[in-house]
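Worksheet: the structure to be examined is printed underneath.
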Amino acid sequence: MALQDQLRQAIKDSDLSLYRIAKGSGIAYQVLHRFASGERDLTLETATKLADYFGMRLTRPRRPKTGG
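In my numbering, each number is its position in the sequence shown, counted from 1, plus 439.
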């Protein structure tokens, strides 16, 4: 599952209002609303704030080793 999908699911599963999540995470309500409704994606900075709010850990995928 993609990060964006995981964050949208966390919003849905939280049973919190978007207003409460926006205030608690420091994300503008309008940005969160557009994201939650699928109208836009998030910047990495905003996704990190939202992940932190929900106690999620973002990890960077490992790059495959190249021979040479």
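C-beta atoms are modelled at their ideal positions from N, C-alpha and C, and glycine is treated no differently.
| Check | Outcome |
| --- | --- |
| What would DSSP say about E478, mapped onto helix, strand or coil? | coil |
| Buried or exposed: M471, going by 16 or more other Cβ atoms within 10 Å of its Cβ? | For clarity, residue 471 is Leu in the given sequence; the question names Met instead. Counting Cβ neighbours within 10 Å, L471 comes out buried, since at least 16 surround it. |
| Taking the alpha carbon of F445 as the point to measure from, which residue in Q469, P500, A486 has its own alpha carbon closest? | Inspection of the sequence shows that residue 445 is occupied by Gln rather than by Phe. Selected option, being the one with the closest Cα: A486. |
| Inspect the beta-carbon positions of Y492 and S453 and report whether they are closer than 7 Å. | no |
| Which of the three DSSP states is assigned to I460 in this structure? | helix |
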